[in-house]
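Trainee: Heads up: the protein sequence lines correspond to chains F and R, in order. The first sequence lines up with residues 1 to 398 when you count with this note's numbering. The second sequence lines up with residues 399 to 777 when you count with this note's numbering.
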Amino acid sequence: MADLEAFRKDVQAWLEENCPPSMRTPMPEEEVVWGGRNATYPNPDSKKWLDAMGAKGWTAPTWPAAYGGGGLSKEENMVLQQELRRIKARPALNSFGIWMLGPALLEFASEQQKQKFIPPIVRGEIRWCQGYSEPGAGSDLAGLQTSAVLDGDTYTVNGQKVWTSYADKADWIFCLVRTDKTVKHDGISFLLFDMASPGVSTKPIKLISGYSPFCETFFDDVKVPADQLVGELNKGWTIAKRLLQHERAMISGMGLGGALSGATGQTLAGAAKEYLGDDNGKVADPVVREHITKHNMDSKAFALTMRRVQEEAKAANDVSATSSVFKFFGTELNKRKYELLIETMGTKMLGWEPDDTYSADEIGNTRAWLRSKANSIEGGTSEVQLNIIAKRVLGLPD
Amino acid sequence: MSFVLNEEQQILRDSAKGFIAEKSPVTELRRLRDSNDANGYDTKLWSQMAEMGFAGIIIPEEYGGAGFGYRGLGLVLEEAGRSLTASPLVSTSLLCASALLIGGSEAQKKELLPKIADGSLVMAMAMDEGAHHAPANIAATAGKDGDSYVLNGTKSFVLDGHVAGKLIVAARTHSTPGDKTGTTLFIVDGDAAGLTRTRHSMVDSRNAAEVKLDGVKVSHDNVLGNVDGGFAILDEALDRARIGLSAEMLGGALEAYERTLDYLKERKQFGVVIGSFQGLKHRAAKMFCELELCKSVVADALQAIDERRNDVAQAASLAKSRVGAVFNEVSSEAVQMHGGIGVTDEYEIGFFLKRARVADATFGNVSFHSQRYAELEGY
Ligand SMILES: Cc1cc2nc3c(=O)[nH]c(=O)nc-3n(C[C@H](O)[C@H](O)[C@H](O)COP(=O)(O)OP(=O)(O)OC[C@H]3O[C@@H](n4cnc5c(N)ncnc54)[C@H](O)[C@@H]3O)c2cc1C
Chain F
1 MADLEAFRKD
11 VQAWLEENCP
21 PSMRTPMPEE
31 EVVWGGRNAT
41 YPNPDSKKWL
51 DAMGAKGWTA
61 PTWPAAYGGG
71 GLSKEENMVL
81 QQELRRIKAR
91 PALNSFGIWM
101 LGPALLEFAS
111 EQQKQKFIPP
121 IVRGEIRWCQ
131 GYSEPGAGSD
141 LAGLQTSAVL
151 DGDTYTVNGQ
161 KVWTSYADKA
171 DWIFCLVRTD
181 KTVKHDGISF
191 LLFDMASPGV
201 STKPIKLISG
211 YSPFCETFFD
221 DVKVPADQLV
231 GELNKGWTIA
241 KRLLQHERAM
251 ISGMGLGGAL
261 SGATGQTLAG
271 AAKEYLGDDN
281 GKVADPVVRE
291 HITKHNMDSK
301 AFALTMRRVQ
311 EEAKAANDVS
321 ATSSVFKFFG
331 TELNKRKYEL
341 LIETMGTKML
351 GWEPDDTYSA
361 DEIGNTRAWL
371 RSKANSIEGG
381 TSEVQLNIIA
391 KRVLGLPD
Chain R
399 MSFVLNEEQQ
409 ILRDSAKGFI
419 AEKSPVTELR
429 RLRDSNDANG
439 YDTKLWSQMA
449 EMGFAGIIIP
459 EEYGGAGFGY
469 RGLGLVLEEA
479 GRSLTASPLV
489 STSLLCASAL
499 LIGGSEAQKK
509 ELLPKIADGS
519 LVMAMAMDEG
529 AHHAPANIAA
539 TAGKDGDSYV
549 LNGTKSFVLD
559 GHVAGKLIVA
569 ARTHSTPGDK
579 TGTTLFIVDG
589 DAAGLTRTRH
599 SMVDSRNAAE
609 VKLDGVKVSH
619 DNVLGNVDGG
629 FAILDEALDR
639 ARIGLSAEML
649 GGALEAYERT
659 LDYLKERKQF
669 GVVIGSFQGL
679 KHRAAKMFCE
689 LELCKSVVAD
699 ALQAIDERRN
709 DVAQAASLAK
719 SRVGAVFNEV
729 SSEAVQMHGG
739 IGVTDEYEIG
749 FFLKRARVAD
759 ATFGNVSFHS
769 QRYAELEGY
């Protein structure tokens, strides 16, 4: 305990010195940092902040220091997160590498691969994208067809992926490929390669929110060195599933907390008082108030459950497949939050571009509402999560 | 604070589980119902529960209890909920013992708590007067008569009211119904002159009574807490009772759910087990998620009491409202998924449906607590 307090003091001093004041303000969409070879930094402080955090390994605080991680214990990481929250520090880095790939590499990659790939993830030098889905293989992911054929020490990859988030901005891809056509799950391998390789092309797809965060991705005789295969040949499905657990855990976090996406960090109840009126400290519309109450109670119960399950996992009880519980509940909760916000803000949340009527914050919420619809699709749909719970947790047959 | 049970708590839960499974399966509730048992619970079972230490779990050792705290009582209540055990645990060991611990004088605690702990005294809280829980809406009066008070009024839905050796009666010494000030709590003998009690026959076959107070005389030293200050004690005791009852309801909901899951795996239609139909699977998976959340709010609320946190009221309303809604849903779905057999009296699943609604109405239903939660959170 005394050690933790000393650690907290060190963290405080370090943050004081290294977190620029402009990094302690709400983050506008365009200043989100994804790192990578071609990263741009509209606010130069965000580069300083990333470099400082990356050098400490605190973008991935609990990963081993041997691979550039922070090497912190769970307790130390908790202190670090508390201190970051306390000064309202922006996330130094958003990264599929940190959220999804890194944990899978730590578990399944060779020593050489870990040395090569993990440190640049921590420092935000390489931006990764996820090549899982294909036009004919979404929920039925194991039905994927993109092929990789080994000749000597090189794979030749052909096929198409779809819904590849930020494929046009990523440096490398972690890609599921078919290496045996005669079997389904046991014919899939997990391959890493450079998006700058000849034969890789991407085409952005526009979303209902107006943004184009993801792409169709095409592979035409792409050559990949054989030592970029992670794990064993044809055993990629295990890695794929584990990585999905990390992805689901990351996405379910979105259902947490009552704060809205706008830069002001307002709550639903606060917004309701502002847009619908305040009747002696109560939200004036009783029906909306009731809906907000139900939502807030669900959020609180959800947050307590995340904490309970973490504690139980630590105490080594069985918590298998809970990532599906969280993914399902968290994303449905997040969608309900934004539907409720439309009910609360009325036409103020139905604008498209900021103008005299619609503030940037209001538009931000509108776009966040549309984005939230993807939460229960990406990383496996809600229906698929329910199938997983029914089968793995409840033991119901196919 | 920790969600994970410590060793002592695990031992307590296991012994409660074993004891209740052996002595008090759901068939016991059916037996009490079918034999029109005058008490509405098995007195022999209750003394055995007291011997196990369950009756005095929250009572400190200095007053003859086990000193295991509310988390401990919650574990026992959850097990009791699984088998729909009829006993004075809620009325006496949870609600009245809490009121005494919070507001009782040293003399009152010394006299009553050891008797609660050893199972010899059943107590009942007489507060609500209408069809809905409304602890501020007390109309029964307590007029001053020299050094004593004279109580008049009618109380309904008094848990274990017809068998209680003593009752705690909430009556107005001041102000009008709806006002939170001006209520006083009185400890009244079950056989006091002017007191009549009629047992309600309830859908869940458990115990509640109408209590009529017709000029019941109570001496000043039987005031619990301060004159006019009863509401604060009642409300705090009620929050603990709401949380404890949520634990019981969680047990009932889990049991109804698990029985249904077993049925989904064994009942065959169209040549396959019905659990292979996605229309049922998805509903089962959703209920699982809801129940996971219920476990967390109950555990958190029980700890809130033991740790004397300042958000016990919010935690109580969150737990009671959430578990109430989920128990209602799970018990309805359980009946539906059982098909025709689910609506027969012979099958036990319907007992859970009935208990769910009575428990929801007890100490404030889902709407009452949603409303209260919003108020406590400042919107
Ligand atoms: C914003 C966003 C970002 C994404 N990013 C990436 C990425 O970076 N990389 C990547 O590889 N993929 C990505 N995806 C793809 C995502 O994983 C797929 O969209 C998802 O798995 C669903 O597949 P699908 O779109 O083909 O829908 P389908 O599988 O065709 O599903 C259509 C509908 O059928 C339902 N359904 C399907 N099967 C069943 C079943 N067995 N039982 C019940 N219902 C069923 C689904 O729930 C859904 O409602 C992203 C998706 C989104 C929305």
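Note that beta-carbon positions come from the ideal geometry of N, C-alpha and C, so glycine has one too.
Around the Cβ of F:Gln385, are there at least 16 other Cβ atoms within 10 angstroms (buried) or fewer (exposed)?
Mentor: It counts as buried.
Trainee: Output the distance between the C-alpha atoms of F:Pro135 and F:Val222, rounded to the nearest integer angstrom.
Mentor: 19 Å
Trainee: Counting only runs that start and end within the stretch 6-94 of chain F, where is the alpha helix (DSSP H) found for 4 or more residues in a row?
Mentor: Secondary structure in the stretch 6-94 of chain F: the alpha helix (DSSP H) runs of 4 residues or longer, each lying completely within the stretch, are 44-56 and 74-86 in chain order.
Trainee: Kindly identify the DSSP beta-bridge partner or partners of R:Gly551.
Mentor: R:Leu611
Trainee: Would you mind working out which of R:Thr579, R:Thr552 and R:Gly623 sits nearest R:Thr594, comparing C-alpha positions?
Mentor: R:Thr552
Trainee: What does DSSP give as the partner residues of F:Glu134 in its beta bridges?
Mentor: F:Ala137
Trainee: Output the distance between the C-alpha atoms of R:Trp444 and R:Asp660, rounded to the nearest integer angstrom.
Mentor: When only Cα atoms are considered, R:Trp444 and R:Asp660 end up about 31 Å apart.
Trainee: Would the stretch 531-547 of chain R count as touching the stretch 567-575 of chain R if we require 3 or more Cβ pairs under 8 Å?
Mentor: yes
Trainee: Given F:Ala284, which residues of its chain have a CB within under 7 Å of its CB, disregarding the five upstream and five downstream residues?
Mentor: Closer than 7 Å at the Cβ level, and outside the excluded window around F:Ala284, lie Leu276, Gly277 and Asp278.
Trainee: Counting only C-beta atoms, is F:Ile389 closer than 7 Å to chain R at any point?
Mentor: Interface with chain R (7 Å Cβ-Cβ cutoff): F:Ile389 is included.
Trainee: Per DSSP, F:Phe214 is paired with what?
Mentor: F:Ser165 and F:Ile205
Trainee: Quick check on this structure: which residue in R:Gly576, R:Arg604 and R:Lys564 has the alpha carbon closest to the alpha carbon of R:Asp589?
Mentor: R:Lys564
Trainee: Is there at least one non-hydrogen atom of ligand 1 closer than 6 Å to the beta-carbon of R:Phe725?
Mentor: Short note on R:Phe725: C-beta not closer than 6 Å to any heavy atom of ligand 1.
Trainee: Assuming F:Ala55 contacts F:Gly69 under a Cβ cut-off of 8 Å, what Cβ separation, rounded to an integer in Å, is found between them?
Mentor: That belief does not hold up - the Cβ atoms of F:Ala55 and F:Gly69 are roughly 12 Å apart, past 8 Å.
Trainee: Count the other CB atoms, across all protein chains shown, that sit within 10 Å of the CB of F:Pro120; report buried if there are 16 or more and exposed otherwise.
Mentor: buried
Trainee: Is the beta carbon of F:Glu31 closer than 7 Å to that of F:Pro21?
Mentor: no
Trainee: Shorter than 7 Å from the beta carbon of F:Val450 to some beta carbon of chain R?
Mentor: This structure gives no information on residue 450 of chain F, because the portion of chain F shown stretches from 1 to 398.
Trainee: With C-beta atoms as the reference, is F:Ile98 less than 7 Å away from R:Phe686?
Mentor: no
Trainee: Taking 6 Å as the cut-off, is the C-beta of F:Tyr338 nearer than that to any heavy atom in ligand 1?
Mentor: no
Trainee: Contact check, F:Val11 vs F:Gly57 under 8 Å by CB: the rounded distance?
Mentor: F:Val11 to F:Gly57, Cβ: 13 Å. No contact.
Trainee: Quick one: give me the first and last residue of the beta strand (DSSP E) that F:Thr238 is part of.
Mentor: No beta strand (DSSP E) contains F:Thr238, which is instead part of the alpha helix (DSSP H) from Gly236 to Ser252.
Trainee: Could you name the residues of chain F that R:Asp698 contacts, counting a contact when the two beta carbons are closer than 7 Å?
Mentor: Within chain F, the residues Leu304 have their CB atoms less than 7 Å from the CB of R:Asp698, given in chain order.
Trainee: Can you check DSSP and say which residues form a bridge with F:Gln160?
Mentor: F:Phe218
Trainee: What whole-angstrom Cβ distance do R:Ser491 and R:Gly465 have, given they're in contact under 8 Å?
Mentor: That pair is no contact at about 13 Å.
Trainee: Under 6 Å: does the beta carbon of F:Ile377 sit that close to some heavy atom of ligand 1?
Mentor: Yes.
Trainee: Which chain F residues sit within Cβ distance under 7 Å of R:Ser400?
Mentor: Those are Glu311, listed as they occur along chain F.
Trainee: Tell me, please, whether the CB atom of F:Val325 is closer than 7 Å to any CB atom in chain R?
Mentor: Yes, because at least one Cβ of chain R sits closer than 7 Å to the Cβ of F:Val325.
Trainee: State whether the stretch 596-608 of chain R contacts the stretch 575-588 of chain R, with contact taken as three or more CB pairs (one from each stretch) at a distance under 8 Å.
Mentor: no
Trainee: Is F:Glu331 helix, strand or coil by DSSP?
Mentor: Per the sequence shown, residue 331 of chain F should be read as Thr rather than Glu. In this structure, F:Thr331 counts as helix in the three-state DSSP scheme.
Trainee: Is the beta carbon of F:Thr164 within less than 6 Å of some heavy atom of ligand 1?
Mentor: Within the cutoff, so yes.
Trainee: Just verifying my parser: in three-state terms, what is the DSSP assignment at R:Tyr777?
Mentor: coil
Trainee: Run through chain R and tell me which residues come within less than 8 Å of F:Asp398, C-beta to C-beta.
Mentor: Ser674
Trainee: I'd like the list of long-range same chain contacts for R:Ser481, defined as Cβ closer than 6 Å, with 5 residues on each side in sequence excluded.
Mentor: Ile418, Ser422, Pro423 and Val424
Trainee: For the stretch 280-297 of chain F, list every residue whose C-beta sits within 9 Å of some C-beta in chain R, in sequence order.
Mentor: Gly281, Lys282, Val283, Arg289, Glu290, Ile292, Thr293, Lys294, Asn296 and Met297
Trainee: Taking only heavy atoms of ligand 1 into account, decide whether any of them is closer than 6 Å to the Cβ of F:Gln245.
Mentor: no
Trainee: Quick one: which chain F residues come within Cβ less than 9 Å of R:Glu775?
Mentor: Contact annotation for R:Glu775 against chain F: Ala269, Thr293 and Asn296 [CB-CB distance below 9 Å, chain order].
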